[in-house]
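Visitor: Residue numbers (the numbering used here): -14 to 492. Heads up, the beta-carbon is just placed ideally off N, CA and C, and yes, glycines get one too. Model, not experiment: these values are computed from the prediction.
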Amino acid sequence: MYDGNYLAEKLRSASLGRDQATFLRNHQTGDVVSFGAFFQNAERMAAVLVANGVNPGDRIAVQAPKTQAMLELYVGAVLAGAVFLPLNTAYTGAEISYFLGDAEPALLVCDPKNLAALAPIAATCNVPVILTLAAGETGTLVSSRDEEAPGFKAVARGEDDLAAILYTSGTTGRSKGAMLTHRALASNSETLKDYWHFTSDDVLIHALPIFHTHGLFVATNISLMAGSACIFMAGFDAEVIRDYMPEATALMGVPTFYVRLLETPGLAEAAKNMRLFVSGSAPLLAETHDKWREVTGHAILERYGMTETNMNTSNPYDGARRAGTVGFALPGVEVILTDPDTGVEVAPGAVGILEVRGPNVFAGYWRMPEKTAEELRDNGFFITGDMAEIDAEGYISIVGRAKDLIITGGYNVYPKEIELLIDEVEGVSESAVIGVPHKDFGEAVVAVVVPQKGVALSEEAILKTIAPDVARFKQPKRIILVGELTRNTMGKVQKKELREQYKDLFG
Ligand code: AMP
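(1) How many angstroms separate the CA atom of S160 from the CA atom of V280?
(2) Rounded to whole angstroms, what is the Cα-Cα separation between E232 and T52?
(3) With DSSP collapsed to three states, give me the class of K98.
(4) Could you compute how far the alpha carbon of Y243 sits from the alpha carbon of V263?
(5) If distances are taken between C-alpha atoms only, which option among D303, G136 and F491 comes closest to G420?
(6) So the beta strand (DSSP E) T234 belongs to, where does it begin and stop?
(7) Taking three-plus beta-carbon pairs below 8 Å as touching, is the stretch 337 to 344 in contact with the stretch 254 to 263?
(8) Report the three-state DSSP secondary structure of T198 (helix, strand or coil).
(9) Would you mind working out which of E404, F458, G343 and G370 sits nearest T176, comparing C-alpha positions?
(10) Between E355 and I368, is the Cβ-Cβ spacing less than 7 Å?
(11) Looking at C-alpha atoms only, which residue of P333, G78 and I150 is the closest neighbour of T323?
(12) In the DSSP output, what is V430 paired with across the bridge?
(13) Under 8 Å, with one C-beta from each stretch per pair, do the stretch 48 to 66 and the stretch 434 to 446 reach the 3-pair mark?
(14) Taking a contact to mean a Cβ-Cβ separation below 7 Å, would you say F202 touches L247 in this structure?
(15) Within the present structure, is the beta-carbon of I321 separated from the nearest heavy atom of ligand 1 by less than 6 Å?
(16) According to DSSP, simplified to helix, strand and coil, what is Y302?
(17) Whole angstroms is fine: what's the gap from N295's alpha carbon to G412's?
(18) Write down the C-beta distance between E(-6) and A27 rounded to the nearest angstrom, noting that I regard them as a contact closer than 8 Å.
(19) When you compare the stretch 13 to 32 with the stretch 69 to 86, are there three or more beta-carbon pairs, one atom per stretch, that lie closer than 8 Å?
(20) Can the beta-carbon of V39 be found closer than 7 Å to that of L92?
(21) In whole angstroms, what is the alpha-carbon distance linking A46 and N(-10)?
(22) Can you tell which of N73, K178 and I285 has the C-alpha that lies nearest to the C-alpha of T153?
(23) Measure the alpha-carbon distance for V467 versus S382 and round it to whole angstroms.
(24) Assuming L406 contacts N397 (C-beta within less than 8 Å), just tell me the rounded distance between them.
(25) Classify T109: buried if its beta carbon has 16 or more other beta carbons within 10 angstroms, exposed otherwise.
(26) With a threshold of 7 Å on Cβ separation, who are the neighbours of V210 within its own chain once the five nearest residues in sequence on each side are excluded?
(27) Helix, strand or coil: how does DSSP classify T123 here?
(28) Can the beta-carbon of V410 be found closer than 7 Å to that of I447?
(29) Does ligand 1 have a heavy atom nearer than 6 Å to the CB of I338?
(30) When you measure from the CB of P301 to every non-hydrogen atom of ligand 1, does any distance come out below 6 Å?
(31) Excluding the 5 residues flanking V35 on each side, which residues of the same chain have their C-beta closer than 7 Å to its C-beta?
(32) For E319, does the three-state DSSP call read helix, strand or coil?
(33) Just to confirm my understanding: we take R44, look at its own chain, exclude 5 residues before and 5 after, and list those with CB closer than 6 Å. What are they?
(34) If we ignore side chains and look at the alpha-carbon of each, how far apart do I150 and W351 end up?
(35) Short of 6 Å in beta carbon distance, which residues of its chain neighbour P135, apart from the five on each side in sequence? Order them along the chain.
(36) Have a look at Y229 and G212 and give me their C-alpha separation to the nearest angstrom.
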């Protein structure tokens, strides 16, 4: 089945002969979808792509609500030899315009609510076809799917062919498209499935978005490769997740999930028969880890990864899961720590930049050879930009970020992008955007803004001005107006001091 298509063969292998077994229980629609029905729909999706002129290697951009049809489209794109390109649903028209111009997709799928706004943008970017997909599993993508027959013959694709491009935030405000091969996706999910002991007996609560590596590749690919079922939820709702726990075995979440779940009554009883809780995408506070263990008796398994590399490290399944650490390098993955200035490996126990090599690592940034060369070494090591240390027993801890990344609710925000927008607001002299601790989001985006002399600015006015141009999750939760920004002798704004000064802003 799907012979010659490297990733598709692997995604299908565990469910062959188990066509009647449940793959998805769709929380929104109440539908129970078997593996057989899911793959038939994915084949129909592949046929829709071909009917719309999509050729192997073409990009399929998707900014749509989390639906079963979007998952079918992902697998359909793999079957058609196309490159799946999911976009955060929070991105605004201005942001989408950059992605469409950069990726030049052959097709865009969007929420019908955004069609009027996105159609002219797509036209300017020469995107020939737009289909729609709405929450509730409706739209022209779904009606086109239903007109096609299953039985699509998978397009041959090798290990090195691209399966997906996922955009990361760029330090200079420009996002970079991480090119992910069939091998990178297949190898990582296979490794994680074995490492975390996923089997066809598992039922995963799938509440993560599917425009990000965590929900799309970790959660979905592992389930397909293990032949596990998923309880498929469009978004995060702590109480709904708690209520599903007695029927499930595993949950994958960002730290915010666990913080919120701890606030729901009846958690201990609900979690009794769960097998595994996985956390990642941002640091899990040791406090949350400890509290979770106290309330539920389970040790959350924390792992570390990124868009460019899939997952790199994980706490052990059987051994001690240490709070505040991300465990060990996964099988087949090499991790080294290097000096940021010399690139030489640091002494044991010292902090260095985490570099990673393995089949999981991406193939470079889409149409950005210079950026690729800066971060991906000739010897195959990718310079993650995360600072880490490794203790005597080999546990890896992420201690900070070399880049000034803010991670809020599991999403990355690069301060520079927001600073550039704020600085354009009339009456603003300069700004510094930082992340400060926040109980729910891990970090909250805060902007410290200096108005021009004699200009009266308000927090609300600045927020209102930038809101149309930037996704909501990137918008500052607070804007603080100050007379000047503290700088060092080299003229650099002292963000460390600002973080210290405002660390208690949210309690
Ligand atoms: P993304 O590309 O959106 O997946 O974000 C990747 C970044 O998230 C990494 O470079 C890390 O800085 C951070 N990250 C992911 N998992 C963890 C973790 N378990 N602990 C600390 N930081 C993490």
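Guide: Reading off the structure:
(1) 40 Å
(2) 21 Å
(3) helix
(4) 10 Å
(5) F491
(6) First-last for T234: undefined, no H or E at that position.
(7) no
(8) helix
(9) G343
(10) no
(11) P333
(12) G420
(13) no
(14) no
(15) no
(16) coil
(17) 42 Å
(18) The Cβ separation is near 13 Å, so there is no contact.
(19) no
(20) yes
(21) 21 Å
(22) N73
(23) 35 Å
(24) Actually they are not in contact, since the Cβ atoms of L406 and N397 sit about 16 Å apart, beyond 8 Å.
(25) exposed
(26) It is Met, not Val, that sits at residue 210 in the sequence shown. Hits under 7 Å: K(-5), L(-4), A(-1), S174, E175 and K178.
(27) strand
(28) yes
(29) no
(30) no
(31) A65
(32) strand
(33) V68, L70, A88 and P90
(34) 8 Å
(35) Q25, E28 and R29
(36) 19 Å
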